[in-house]
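Numbering (my numbering), first residue to last: 598 to 724.
In structure tokens form, the structure reads like this:
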């Protein structure tokens, strides 16, 4: 598994959600002014009102919210990947030792034993 760049993931999510929020504000300004949608936008995005400046303010808030959310999700994902990787390495190490012992503890076979254990734990590589 690969790790995520938390800053880049947060930035990408922030840009997308900021843009969507801006477009939703424009739609509110043009079509839904006074509806419950605009009221919800006002509650969620401090300073929003159905004007161009209000849409920009909502977009900035949307960017900030999504950047923080994306950053935190990427950090948690990376933490879980690291824990899973460490757990897998321990399983491979234990199995490689068993393979080595089953062979009678020969010298200079550690890399072969490791590859065999890795193949068993992770499965055959996909081609």
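In this text, a Cβ means the ideal position worked out from N, Cα and C, and glycines have one as well.
Residue i versus residue j: straight-line alpha-carbon distance, rounded
i           : j           : result
residue 699 : residue 712 : 15 Å
residue 715 : residue 662 : 41 Å
residue 682 : residue 609 : 26 Å
residue 720 : residue 706 : 20 Å
residue 684 : residue 603 : 23 Å
residue 673 : residue 680 : 11 Å
residue 652 : residue 646 : 7 Å
residue 640 : residue 676 : 33 Å
residue 724 : residue 633 : Here the model assigns residue 724 a pLDDT of 49, short of 50, so the residue's position is not dependable, and the following value carries that caveat. C-alpha separation (whole angstroms): 53 Å.
Check whether residue i and residue j have beta carbons under 7 Å apart
i           : j           : result
residue 654 : residue 667 : no
residue 625 : residue 615 : no
residue 606 : residue 656 : no
residue 665 : residue 600 : no
residue 695 : residue 718 : no
residue 622 : residue 660 : no
Buried or exposed (CB count within 10 angstroms, at least 16 for buried), residue i
i           : result
residue 637 : exposed
residue 619 : buried
residue 649 : exposed
residue 703 : exposed
residue 627 : exposed
residue 701 : exposed
Cβ separation of residue i and residue j, assumed to be a contact under 8 Å, to the nearest whole Å
i           : j           : result
residue 693 : residue 710 : 4 Å
Minimum length 4: unbroken alpha helix (DSSP H) runs contained in the segment 635-716: 649-699
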